[in-house]
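Trainee: I'd like to ask some things about the structure below.
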Amino acid sequence: VILDRMRTIIATSARRLSGERRLPFFFILLPIMIMLLVGTIFGTGGKRLVVGVAADRHDALAGDLYAGFRRSTVVKPRHVKSEEAARTAVRRGRLTAAVIIPAGYTDALRAGREGAVRVIVQPGRSESAEARLAVGAVLSRANLDVVAARALQQATGTPFDAALVQARRNTRTVPDFLRSDKRVESPFSYTAPSNLVLFAFITALVTSAATVQSRRLGVTRRILASPTPAGAIVAAELVTAFLIALLQATVMLAAGALFFGVQFGPPLAVLAVLCALALVSAAAGSLLATFVRTPEQAVNFGPPIGIALGMLGGCMWPLESVGPLLRGVGHAVPQGWAMDAFIRLIFDNAGIGGIAGPLGALMAYAVVLIALATTRLRRSVLLP
Amino acid sequence: MGAILAIAANDLRRRLRDRTALATAFIAPFVLSALMGLAFGSGNEAAQVRIAVVDAENTAVTRAHADDVLKSLALGPLVSVLRTTDGVRAHQLFVQHRVSASVTLQPGSSQMIKRLKPVPIVVEASRTRPLGRAVAQAFVAGSRLRQATGVVLIDGLRSAGLSGPQLQDAVISSMVAPPVVRIGESNVPHSQNPLGFFAPSMAIVFLFLSVGFAANSVLAERATGTMTRMQAAPIGLGAVVAGKTLSILGLMLMSVLSLWGATSLVFHAHWGQPLAVLVLCVATVAAIGALGLFVTVSARTEAGAQSAAAGVAFVFALLGGNFFPPGSLPPLLEKLALLTPNGWSLDGFTTLSLDGGGLADVLVPVGVLVAMAVVIGGFALGRFRRAVAA
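In the order they appear, the protein sequences are chains A and B. Under my numbering, the letters of the first sequence match residues 11 to 394, in that order. Under my numbering, the letters of the second sequence match residues 2 to 391, in that order.
Written out as structure tokens, the structure is:
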């Protein structure tokens, strides 16, 4: 009988929500749009890093260096007018790094001097450092030609230009050895799970407005007048929130897999993460419902809280790319563990055993939050 | 004028007592911009990558090879290297995230080095730690290139007629010489705290939400009959509209200015030259206020207004680039961003904080923002007047 009553409460809540016309936009379309946009901009699809090159276009060896950058699988060169323009572009983030080839570069090497090429990077930006390594590999490769030419020049007295031509006959088959980082996974592999986790929480926090509304309208009190125990009402509220979170997460997962080609991993393990995530989100939403007084407050507080926790937990950027302190703090929120589980499934090909740690942490969060939410919801039902 | 100010002051006082308004206008933007600053900031230790170089054989030859390769990479200050002979320890450090990647010169490496053959190197790296992975790959590439250099030199010099000790001397002197094409570091100074960009960026997102929230309260007042009662007083409808608008813009300006003050004091964020920042803040508030007001008062119900404000905030923030680090929008989106007031505003704030520009450098963004404020604000005030009168 109690289960029947719970089913009725859940069905009524679901009917009420399904009448909400804005729901499909905010809970399904908007998250997928954001997934698409962020994935397109920041996707992990092996995009080459744009590096500016300021050089005299008539300088022969500078031109060869530029051609070397064009062959690179890591960086993509773009001519810039001057060093000043290059600095501004690197500072503004439009270029990942810039290479300044000094005037008279070929003459310096021809005369037996060194060719000091300057690389401008932004300290603290890991992509800049990555580009700097690739630029270094191209320069090392260019160094080989010059070293071989000079050795010939010194041994045989051949002029530098002729020695360089001769040296290049020997070096032409030598690559820069910097392997192309062929990423087999979809460019959306990080964006899809991160948006899934982010929006599962935001949705749960925002939809807690329905619980607040029921309380304010006195619906919950009226149900209490029937022979329905407070525990059943609380359980029904939690199950409703769980089902909404699970539905949204499943739709986003399907969109990620079908439209964006993300391989989430073994179905059983993915289902376990989705359920744990939905449980934690539902409990967090129900808990928020006990702290706010009006539905508007739930709607207003939900997104900033969800975004802040998402930022901490690695939904906006990988926790691998932040410092140890922020990485530690990121694991103080459930989002951090949910992302860990997805990363292991997608990037490390882990199975259910490989995500036991993150899954356990998520379940621990779920237990604590459900206990808190149940206690406070029960109190709010009995003593509104 | 007195009536307008009285309405504005009363309205502002009431808004400042509202916890939701306080959270939306003051607390949330501060927390989020602090988080973004921490993640992308100069204090971001992730860029200080550490890699382990494991020399399993630990002979003079392998040590010298590793030294030469590391020297040729000229890793600079961003990467630190842990040299060890213990492969198990390196693996544990990798698992514990204490090194970003490890490269292991396998047993038998010295023989391969002497024979100028590819050195057997095992890499332990992760796709989710791209910089460590890139350093490890660069180490392998450096090793391969070094061996290839030896082969090329021998072949070249031999074909030029050198042999015996003469050949050996020429190869060794070329191999040990410092690189002729070398990297000279020239970093962009990172004195500016990145919060100088992220704080205004977040402030703008919450300006959208604040204006939606504030304008929404006008619709609520209409429903509760406050507006009708105000019209019973001997003040014109224009004064009521002006007072309400003034209080909304006042709250927005307080929100952005308090974030400027708080991030400057707490995190030493550099937003730019004060006068230019102030002018840009006012222009931004005017333009976004006009847009937010237009969207909100165009809605029929409170719920509709709330959704419209949140939707516009999200879509405009995405198009304008508020959620991304500077310069990360693709060229097409960079152009689209200039259709939004927040895109122009961010452009101005970037000029002030990252380029160290002054008021003269942001006159174009300020001008565009003011123009947007006038045009959109004209429509918005008309609708606002109707909403108050209804």
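C-beta: ideal position from N, C-alpha, C; glycine also.
Does chain B have any CB closer than 8 Å to the CB of arginine 102 of chain A?
Mentor: As a working mapping, residue 102 of chain A is identified with position 92 in the first sequence. So yes, arginine 102 of chain A belongs to the interface.
Trainee: Is there a C-beta anywhere in chain A that falls below 8 Å from the one on glutamate 46 of chain B?
Mentor: Walking along the second sequence from the start, residue 46 of chain B turns up at place 45. Annotation note: pLDDT 42 at glutamate 46 of chain B (below 50); position unreliable, coordinate value reported separately. Closer than 8 Å to some Cβ of chain A, the Cβ of glutamate 46 of chain B qualifies, so yes.
Trainee: Looking only at its own chain, which residues have a Cβ that is under 8 Å from the Cβ of isoleucine 12 of chain A, when we skip the five neighbours before and after it?
Mentor: Locating residue 12 of chain A in the first sequence gives position 2, where the first residue counts as 1. Closer than 8 Å at Cβ, skipping near neighbours: Thr238, Pro239 and Ala242.
Trainee: At 9 Å on the CB atoms, spell out the chain A contacts of aspartate 69 of chain B, in chain order.
Mentor: Start at 1 with the first residue of the second sequence, and residue 69 of chain B comes out as number 68. Going along chain A, no residue has its Cβ under 9 Å from aspartate 69 of chain B, so there is no contact; the nearest lies around 11 Å.
Trainee: Please list the partners that glycine 185 of chain B has in chain A, where partner means a Cβ-to-Cβ separation under 8 Å.
Mentor: Counting from 1 along the second sequence, the entry for residue 185 of chain B is found at position 184. Here the neighbours are Ala126, Val127, Arg128 and Val129.
Trainee: Could you have a look at glycine 185 of chain B and say whether DSSP puts it in helix, strand or coil?
Mentor: Here residue 185 of chain B is taken as the residue at index 184 of the second sequence, counted from 1. If DSSP states are grouped into helix, strand and coil, glycine 185 of chain B belongs with the strands.
Trainee: For my contact list, proline 195 of chain B and serine 136 of chain A are in at a C-beta cut-off of 8 Å; report their separation, rounded to the angstrom.
Mentor: Taking the first residue of the second sequence as 1, we reach residue 195 of chain B at position 194. Taking the first residue of the first sequence as 1, we reach residue 136 of chain A at position 126. That belief does not hold up - the Cβ atoms of proline 195 of chain B and serine 136 of chain A are roughly 14 Å apart, past 8 Å.
Trainee: Does any residue of chain B bring its CB to less than 8 Å from the CB of alanine 152 of chain A?
Mentor: Within the first sequence, numbered from 1, the residue matching residue 152 of chain A stands at position 142. So, interface residue.
Trainee: Taking 6 Å as the limit between beta carbons, can you name the residues of its chain near asparagine 45 of chain B, skipping five residues before and five after?
Mentor: Within the second sequence, the letter at position 44 stands for residue 45 of chain B. Legend: pLDDT at asparagine 45 of chain B = 47, less than 50; position of this residue unreliable, value from coordinates given subsequently. Result list for asparagine 45 of chain B: empty, nothing under 6 Å.
Trainee: Quick one: does proline 314 of chain A have its CB under 8 Å from some CB of chain B?
Mentor: The residue given as residue 314 of chain A occupies position 304 in the first sequence. At least one chain B Cβ lies under 8 Å of proline 314 of chain A.
Trainee: Using alpha carbons as the reference points, say which of B:Pro119, B:Ala7 and B:Ser202 lies closest to phenylalanine 324 of chain B.
Mentor: Here residue 324 of chain B refers to the residue found at position 323 of the second sequence. Ranking B:Pro119, B:Ala7 and B:Ser202 by Cα distance to phenylalanine 324 of chain B puts B:Ser202 first.
Trainee: Would you report the Cα separation of serine 110 of chain B and proline 121 of chain B, rounded to the nearest angstrom?
Mentor: Reading the second sequence from its first residue, position 109 is the one you call residue 110 of chain B. Reading the second sequence from its first residue, position 120 is the one you call residue 121 of chain B. The straight-line gap from Cα to Cα measures roughly 6 Å.
Trainee: For alanine 108 of chain A, tell me which candidate among A:Tyr115, A:Glu94, A:Asp117 and A:Leu119 has the shortest Cα-Cα distance.
Mentor: To locate residue 108 of chain A, count along the first sequence from 1; it is residue 98. Taking only the C-alpha atoms, the option nearest alanine 108 of chain A is A:Glu94.
Trainee: Which one of B:Gly357, B:Gly359 and B:Pro327 has the shortest CA to CA distance from leucine 347 of chain B?
Mentor: Position 346 of the second sequence, counting from 1, holds the residue named residue 347 of chain B. With distances taken between Cα atoms, leucine 347 of chain B lies closest to B:Pro327.
Trainee: Take cysteine 325 of chain A as the anchor and find which of A:Ala348, A:Gln307 and A:Arg88 has the nearest alpha-carbon.
Mentor: On the first sequence, residue 325 of chain A is found 315 positions in, with the first residue counted as 1. Cysteine 325 of chain A has its Cα closest to that of A:Ala348, out of A:Ala348, A:Gln307 and A:Arg88.
Trainee: Who are the Cβ neighbours of proline 169 of chain A in its own chain at under 8 Å, not counting the five residues just before and after it?
Mentor: Here residue 169 of chain A corresponds to residue number 159 of the first sequence, with the count starting at 1. Hits under 8 Å: Gln163.
Trainee: Report all residues from its chain with a CB closer than 8 Å to the CB of valine 363 of chain B; omit the five preceding and five following residues, and keep chain order.
Mentor: In the second sequence, the residue the question calls residue 363 of chain B occupies position 362. Excluding sequence neighbours, valine 363 of chain B sits near Ala277, Val280, Leu281, Gly349, Thr352 and Leu353.
Trainee: For a quick check, are the C-beta atoms of leucine 168 of chain B and arginine 102 of chain A less than 8 Å apart?
Mentor: Start at 1 with the first residue of the second sequence, and residue 168 of chain B comes out as number 167. Start at 1 with the first residue of the first sequence, and residue 102 of chain A comes out as number 92. Contact flag unset, no.
Trainee: Below 8 Å, can you find three or more Cβ-Cβ pairs linking the region 331-346 of chain A to the region 213-225 of chain A?
Mentor: No: the two stretches stay apart, fewer than three of their Cβ pairs being nearer than 8 Å.
Trainee: Between which residues of its own chain and valine 2 of chain A is the CB-CB distance below 7 Å, once the five residues before and five after are set aside?
Mentor: Summary: the structure shown does not reach residue 2 of chain A, with chain A confined to residues 11 through 394, and so no result is reported for it.
Trainee: Assuming threonine 398 of chain A and alanine 383 of chain A make a contact with CB atoms under 8 Å, what is their CB distance in whole Å?
Mentor: Past the boundaries of the shown model lies residue 398 of chain A; chain A is included only from 11 to 394, so the question cannot be answered.
Trainee: Measuring only the C-alpha atoms, how far is leucine 284 of chain A from leucine 256 of chain A?
Mentor: Translated into positions along the first sequence, residue 284 of chain A becomes position 274. Translated into positions along the first sequence, residue 256 of chain A becomes position 246. C-alpha separation (whole angstroms): 7 Å.
Trainee: Beta-carbon within less than 7 Å of aspartate 155 of chain A's beta-carbon, same chain only, minus the 5 sequence neighbours each way: which residues are those?
Mentor: Position 145 of the first sequence holds residue 155 of chain A. Leu174, Ala177, Arg178 and Thr181.
Trainee: Pull out every residue of the region 148-164 of chain B whose Cβ sits closer than 9 Å to any Cβ of chain A, in chain order.
Mentor: For the region 148-164 of chain B, which is checked against every Cβ of chain A, the residues closer than 9 Å are Ala149, Thr150, Val152, Val153, Leu154, Asp156, Gly157, Leu158, Ser160, Ala161, Gly162 and Leu163.
Trainee: Given that a residue counts as buried once 16 or more other Cβ atoms are within 10 Å of its Cβ, and exposed if not, what is asparagine 153 of chain A?
Mentor: Taking the first residue of the first sequence as 1, we reach residue 153 of chain A at position 143. Result: buried.
Trainee: Taking the C-alpha atoms as reference points, what is the distance between serine 308 of chain B and isoleucine 233 of chain A?
Mentor: One-based indexing of the second sequence puts residue 308 of chain B at position 307. One-based indexing of the first sequence puts residue 233 of chain A at position 223. Each residue's alpha carbon lies about 30 Å from the other.
Trainee: Please compile the residues from chain B whose C-beta is within a distance smaller than 7 Å of the C-beta of alanine 352 of chain A.
Mentor: Position 342 of the first sequence, counted from the first residue, corresponds to residue 352 of chain A. With the sequence shown as reference, residue 352 of chain A is identified as phenylalanine, and alanine is not the correct amino acid for it. Ordered by position in chain B, no residue passes the 7 Å Cβ test against phenylalanine 352 of chain A, which lies about 11 Å from the chain.
Trainee: Quick check on phenylalanine 380 of chain B - is its C-beta less than 8 Å from some C-beta in chain A?
Mentor: Stepping through the second sequence from its first residue, residue 380 of chain B is reached at position 379. Answer no: the Cβ-Cβ gap between phenylalanine 380 of chain B and chain A never drops below 8 Å.
Trainee: Rounded to whole angstroms, what's the CA-CA distance from histidine 271 of chain B to glutamine 132 of chain A? Just pull it up for me.
Mentor: The residue labelled residue 271 of chain B in the question sits at position 270 within the second sequence. The residue labelled residue 132 of chain A in the question sits at position 122 within the first sequence. Spanning the two alpha carbons is a distance of roughly 17 Å.
Trainee: Between A:Leu206, A:Met43 and A:Ile317, which has its C-alpha nearest valine 316 of chain B's C-alpha?
Mentor: Walking along the second sequence from the start, residue 316 of chain B turns up at place 315. Here the closest residue by C-alpha is A:Met43.
Trainee: For the region 312-323 of chain B, which residues have a CB atom closer than 8 Å to at least one CB atom of chain A, in sequence order?
Mentor: Those residues of the region 312-323 of chain B that come within reach of chain A (Cβ to Cβ, closer than 8 Å) are Gly312, Phe315 and Leu319.
Trainee: Pull the bridge partners of lysine 86 of chain A from the DSSP assignment, please.
Mentor: Here residue 86 of chain A corresponds to residue number 76 of the first sequence, with the count starting at 1. A:Val60, per the DSSP bridge assignment.
Trainee: Leucine 83 of chain B bridges to which residues according to DSSP?
Mentor: As a working note, residue 83 of chain B is residue 82 in the second sequence. Paired residues: B:Ala53.
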